[in-house]
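Participant:
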Amino acid sequence: MSEEPEIVLGFYVPPHPHPLLAPEQNEGWGRLREAFDTCRQRIEETDADLLLIYSTVWPSIVGHQIQAHPKPVFTHVDDDFHFLGSMPYEFRMDSEYAEKFKDSCEARGLHARTVAYDGFPIDTGSVVALKLLNPDNRIPACIVSSNVYSNRAEQIVLGKAARDAMSELGKKVVVVVVASLSNRMFTEHIDPSDDRIHSAKDDEWNRKILEFFEDGRLEDISQLSRDIHGQIRVSKVVAYKPAWWMAATMGQHNNYDGEVLAYEALHGAGGAVIQLTPAKGGVGDKEFDEDDVEYYHGDRSVLDKGML
Amino acid sequence: MAKGEIVLGCLAPHPPHVVYAENPEQNEPFSEGGWEALRWGYHRLARKLKDIDYDCIVVLTPHWMTYVGTHFLGLERFQNISVDPIFPNLFRYHHDIQVDVELAEAMHDAAAEAGIITKMMRNPDFRVDYGTIVSCHMLNPEWSKPIVTISSNRSTHYYSNEVMNEQAAALGEAVMKAIEASGKRVVLVASHSLSHRHFVTEAPLPEDMSREHIYNHSQYVWDMKIVQMLREGKTKEVVEILPEMIEQTMAEAEGGGLSWMMAAMGYPDYPAEIYGYQSVIGTGNAIAAWDPNEATREIVL
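Chains L and U, in that order, are what the protein sequence lines are.
With our numbering applied, the first sequence covers 1 to 308.
With our numbering applied, the second sequence covers 1001 to 1301.
(1) Measuring straight from C-alpha to C-alpha, what distance separates residue 1030 of chain U and residue 1210 of chain U?
(2) How close, in whole Å, do the beta carbons of residue 32 of chain L and residue 19 of chain L come, if the pair is a contact with beta carbons under 8 Å?
(3) From residue 1225 of chain U to residue 1255 of chain U, what distance separates their C-alpha atoms?
(4) Tell me which same chain residues have a C-beta within less than 8 Å of the C-beta of residue 290 of chain L, skipping the five on either side of it?
(5) May I ask you to report which of helix, strand or coil DSSP gives residue 65 of chain L?
(6) Can you tell which of L:275, L:189, L:221 has the C-alpha that lies nearest to the C-alpha of residue 253 of chain L?
(7) Could you tell me whether any Cβ in chain U is nearer than 8 Å to the Cβ of residue 43 of chain L?
(8) Say whether chain L places a C-beta atom closer than 8 Å to the C-beta of residue 1088 of chain U.
(9) Please state whether the Cβ-Cβ distance between residue 218 of chain L and residue 256 of chain L is less than 8 Å.
(10) Does the segment 1158-1171 of chain U come within contact of the segment 1252-1271 of chain U, defined as at least 3 CB pairs closer than 8 Å?
(11) Can you give the beta carbon distance from residue 1020 of chain U to residue 1063 of chain U, rounded, assuming they're within the 8 Å contact cut?
(12) By how many angstroms is the C-alpha of residue 63 of chain L removed from the C-alpha of residue 140 of chain L?
(13) Between residue 373 of chain L and residue 283 of chain L, what straight-line distance do the alpha-carbon atoms span, to the nearest angstrom?
(14) Using three-state DSSP, classify residue 58 of chain L as helix, strand or coil.
(15) Under three-state DSSP, which class holds residue 160 of chain L?
(16) Compare the C-alpha of residue 76 of chain L against each of L:16, L:39, L:5, L:4 and name the closest.
(17) Beta-carbon of residue 1125 of chain U versus every beta-carbon of chain L: anything under 8 Å?
(18) List the residues of chain U that residue 185 of chain L touches, going by C-beta distances under 9 Å, in chain order.
(19) Quick check on residue 1 of chain L - is its C-beta less than 8 Å from some C-beta in chain U?
(20) What are the boundary residues of the alpha helix (DSSP H) that includes residue 1225 of chain U?
(21) Keeping to the same chain, check which residues put their C-beta closer than 6 Å to that of residue 1076 of chain U; ignore five residues upstream and five downstream.
(22) Using C-beta distances below 7 Å, list every residue in its chain close to residue 1 of chain L, excluding the 5 sequence neighbours before and after it, in chain order.
(23) Taking the alpha-carbon positions, what's the residue 193 of chain L to residue 267 of chain L distance?
(24) Near residue 116 of chain L, what residues of its chain come up, given a Cβ to Cβ distance below 6 Å and the 5 sequence neighbours on each side ignored?
(25) Going by other Cβ atoms of all chains shown within 10 Å of its Cβ, with 16 needed for buried, is residue 123 of chain L buried or exposed?
(26) By the three-class DSSP mapping on this structure, what secondary structure does residue 1100 of chain U have?
(27) By a C-beta neighbour count over all protein chains shown, 10 Å radius and 16 as the cutoff for buried, is residue 5 of chain L buried or exposed?
(28) Would you say residue 188 of chain L lies against chain U (beta-carbon separation less than 8 Å)?
(29) If you count every other CB in all the chains shown that lies within 10 Å of the CB of residue 128 of chain L, and 16 or more means buried, which is it?
(30) Can you pull the chain A neighbours of residue 240 of chain L, defined as C-beta to C-beta under 9 Å?
(31) Is it buried or exposed, residue 1052 of chain U, if we count other Cβ atoms within 10 angstroms and call 16 or more buried?
(32) Could you spell out the range, first to last residue, of the alpha helix (DSSP H) harbouring residue 1162 of chain U?
(33) With a Cβ-Cβ cutoff of 8 Å, do residue 259 of chain L and residue 214 of chain L count as a contact?
(34) So who's on the other strand from residue 1005 of chain U, going by DSSP bridges?
(35) Is there a Cβ of chain L sitting closer than 8 Å to that of residue 1121 of chain U, yes or no?
(36) If contact means a Cβ-Cβ distance below 8 Å, which residues of the segment 1227-1245 of chain U contact chain L?
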């Protein structure tokens, strides 16, 4: 067992089905598709043996769910964009890693479980990512959910548990986060040619975040998560979590070569395809005052304290 | 053609646990029971429904979440397996659902005419959400009537609870117009819980009732306040305080179900029939019904 996991690449990709189902309907959606294709090629050039996905559009409630079905098969349809078409899939999952990931979560105090059921609804974002990044199932994959109630501490511990499992199994890993940048879509149906980022404010924030990504400053983005959530995220969940998880999983530093392969509107939301390659040098000299977390202790029973 | 009407409105929560506990042949997992206060309440409401002459069940579900308008099921049949993404260990249900497409299209058109963003869902591979399936199974286990499912537009997330209330009310009024024009007798279903904070862990045996209780007392107090107001026929007031309740209890009414149904029924001022209340993995669930027919309206609990 190696102490540090070998993560060969990291990707941040959007969850919307447009680049998969309708790249020809809008030039921007087409550029996102081209960026996905470039990422696919680069993944194929590695000798990675696991593709680990964290999807913000797979919500969970009972702890953290980890896809462990060795060969999930189904035809998925998006709740909003069903008119764009169906997404039949057959994937290859790394059940051994899934089980190890679950055990690693539990060892760090998290509640977690694997799911391996025929017909389990794999989410749109994961389906899009796997079909475009790993179309021939060359690399076995694993998907982990995003718990709706979880916050920073839990996400960081979840990322560290993912690393523990990688190390224990000696995996070479491509890490994929499925998430929008700004996630406010238009609330009406639009002509594809009219698509644009919902507001100037969302666009400006997105571009600032992309600057950080291009500089490889993943840990800095993680530290900015609360600000990002307040500024450009629709309050569907308690926090903007993907950067916490991605940074914790990839190593909590700023030492990456970053590349933004595409940034486009997806029905108003900010969709970016971003690559992070672990590197020697890094940017920034900041230290942060939020405590690092190794073990999740669960609820603090605040409600039970001071009761009459 | 006689004017269509709403013959019953139901608040029908959809924790998959209640179907799991029933062990119907459509569901793969096996249970030893559990959540009887809810299930027995559902049984009684299902018996009442058997005595009502109706053509269709129309359900608004928070588990078909749409951000771009309000969507309506638009194909006659959906045959598939529904696996709950949150509780797949409890709910893997084989269904064969008939849809009243004519009524769905009429509702879609009426809503569009009222200025609401709408879409018909015509993809045959679409998977009907488990909220629809749980509520409809518990109300009509024989699936003897066609349904219409209406998606939940997430205006609470995009705007506010108050905007959700207004948009759901507009949808309810439009749906009522479509029902009246259709000549059909319709049962409305708001498929959701009241307070909606879950425990994030699950007992090794999910139906172990020694582990089941409300998430916290505040949730319970809110739930009881709402139930009492429904008993007193204060539906307008309930809808008015829903934004506050949603804020305080993460109430699943955020999906618009109750606001939609009360608006469609003209905010009944008669007592709701209460069929049961119980927590499920910490959430507060009440089964209630509004019977416009005074002769058959009853005090159940």
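The C-beta atom is built at its ideal place from N, Cα and C for all residues, glycine as well.
Bear in mind that the values here come from a model prediction, so they are computed numbers and not experimental data.
Facilitator: This is what the structure gives:
(1) Position 30 of the second sequence, counting from 1, holds the residue named residue 1030 of chain U. Position 210 of the second sequence, counting from 1, holds the residue named residue 1210 of chain U. Between residue 1030 of chain U and residue 1210 of chain U, the C-alpha separation is close to 19 Å.
(2) As a first step, residue 32 of chain L is located in the first sequence; it is residue number 32 there, counting from the start. As a first step, residue 19 of chain L is located in the first sequence; it is residue number 19 there, counting from the start. About 4 Å; that satisfies the 8 Å criterion.
(3) Your numbering for residue 1225 of chain U matches position 225 in the second sequence. Your numbering for residue 1255 of chain U matches position 255 in the second sequence. Within the model, the alpha-carbon separation for residue 1225 of chain U versus residue 1255 of chain U is close to 20 Å.
(4) Here the question's residue 290 of chain L lines up with position 290 in the first sequence. Counting only residues of its own chain and dropping the five nearest sequence neighbours on each side, residue 290 of chain L has a CB closer than 8 Å to the CB of 152, 223.
(5) Residue mapping note: residue 65 of chain L aligns to position 65 of the first sequence, counting from 1. If DSSP states are grouped into helix, strand and coil, residue 65 of chain L belongs with the strands.
(6) One-based indexing of the first sequence puts residue 253 of chain L at position 253. The residue from L:275, L:189, L:221 with its alpha-carbon nearest to that of residue 253 of chain L is L:221.
(7) Translated into the one-based positions of the first sequence, residue 43 of chain L becomes position 43. No, its Cβ sits nowhere closer than 8 Å to a Cβ of chain U.
(8) What you label residue 1088 of chain U is simply residue 88 of the second sequence in a count that begins at 1. It does: the Cβ of residue 1088 of chain U has a partner Cβ on chain L nearer than 8 Å.
(9) Residue numbering aside, residue 218 of chain L sits at position 218 when the first sequence is read from its first letter. Residue numbering aside, residue 256 of chain L sits at position 256 when the first sequence is read from its first letter. Cβ atoms of residue 218 of chain L and residue 256 of chain L: closer than 8 Å.
(10) The segment 1158-1171 of chain U makes contact with the segment 1252-1271 of chain U: 3 or more CB pairs, one atom from each, lie closer than 8 Å.
(11) For the purposes of this step, residue 1020 of chain U is taken as residue 20 along the second sequence, with counting starting at 1. For the purposes of this step, residue 1063 of chain U is taken as residue 63 along the second sequence, with counting starting at 1. With 8 Å as the limit, residue 1020 of chain U and residue 1063 of chain U do not qualify as a contact, their Cβ atoms being about 16 Å apart.
(12) Stepping through the first sequence from its first residue, residue 140 of chain L is reached at position 140. Stepping through the first sequence from its first residue, residue 63 of chain L is reached at position 63. Note on geometry: alpha-carbon atoms of residue 140 of chain L and residue 63 of chain L lie some 24 Å from one another.
(13) No information on residue 373 of chain L is available, as it lies outside the stretch 1 to 308 that chain L covers here.
(14) In the first sequence, residue 58 of chain L corresponds to position 58, counting from 1. Strand, per DSSP.
(15) Stepping through the first sequence from its first residue, residue 160 of chain L is reached at position 160. Reduced to three states, the DSSP call for residue 160 of chain L is helix.
(16) Within the first sequence, the letter at position 76 stands for residue 76 of chain L. Proximity to residue 76 of chain L across L:16, L:39, L:5, L:4 peaks at L:16, based on C-alpha coordinates.
(17) The residue labelled residue 1125 of chain U in the question sits at position 125 within the second sequence. With 8 Å as the cut-off, residue 1125 of chain U counts as an interface residue toward chain L.
(18) If you number the first sequence from 1, residue 185 of chain L lands on position 185. Those within 9 Å of residue 185 of chain L in chain U are 1067, 1068, 1158.
(19) Locating residue 1 of chain L in the first sequence gives position 1, counting from the first residue. Unreliable positioning characterises residue 1 of chain L in this predicted model, as indicated by a pLDDT of 49, which lies under 50. A coordinate reading is not provided.
(20) What you label residue 1225 of chain U is simply residue 225 of the second sequence in a count that begins at 1. Judged by DSSP secondary structure, residue 1225 of chain U falls within the alpha helix (DSSP H) whose first and last residues are 1217-1231.
(21) Reading the second sequence from its first residue, position 76 is the one you call residue 1076 of chain U. 1099, 1101.
(22) Along the first sequence, one-based indexing puts residue 1 of chain L at 1. For residue 1 of chain L, the predicted model reports a pLDDT of 49, less than 50, meaning its position is unreliable; a value from the coordinates is still stated below. 167, 168, 170.
(23) For the purposes of this step, residue 193 of chain L is taken as residue 193 along the first sequence, with counting starting at 1. For the purposes of this step, residue 267 of chain L is taken as residue 267 along the first sequence, with counting starting at 1. Cα to Cα, the separation comes out at about 10 Å.
(24) If you number the first sequence from 1, residue 116 of chain L lands on position 116. Its chain contains 68, 69 as the residues whose beta carbon lies nearer than 6 Å to that of residue 116 of chain L, once the 5 sequence neighbours on both sides are disregarded; these appear in chain order.
(25) As a working note, residue 123 of chain L is residue 123 in the first sequence. That one is buried.
(26) Working through the second sequence from its first residue, we reach residue 1100 of chain U at position 100. Coil at residue 1100 of chain U, not helix or strand.
(27) As a working note, residue 5 of chain L is residue 5 in the first sequence. Residue 5 of chain L is buried by the Cβ-count criterion.
(28) In the first sequence, residue 188 of chain L corresponds to position 188, counting from 1. So yes, residue 188 of chain L belongs to the interface.
(29) Residue numbering aside, residue 128 of chain L sits at position 128 when the first sequence is read from its first letter. Its Cβ being crowded by 16 or more others within 10 Å, residue 128 of chain L is buried.
(30) You won't find chain A in this structure, because its protein chains are L and U.
(31) Start at 1 with the first residue of the second sequence, and residue 1052 of chain U comes out as number 52. By the Cβ-count criterion, residue 1052 of chain U is exposed, with fewer than 16 other Cβ atoms from all chains shown falling within 10 Å of its own Cβ.
(32) Here residue 1162 of chain U is taken as the residue at index 162 of the second sequence, counted from 1. That run of the alpha helix (DSSP H) goes 1161-1182.
(33) If you number the first sequence from 1, residue 259 of chain L lands on position 259. If you number the first sequence from 1, residue 214 of chain L lands on position 214. At the C-beta level, residue 259 of chain L and residue 214 of chain L come within 8 Å of one another.
(34) Here residue 1005 of chain U refers to the residue found at position 5 of the second sequence. Listed as beta-bridge partners of residue 1005 of chain U by DSSP are U:1185.
(35) Position 121 of the second sequence, counting from 1, holds the residue named residue 1121 of chain U. Residue contact check for residue 1121 of chain U against chain L: a CB pair falls below 8 Å.
(36) Residues of the segment 1227-1245 of chain U with a C-beta atom less than 8 Å from some C-beta of chain L do not occur.
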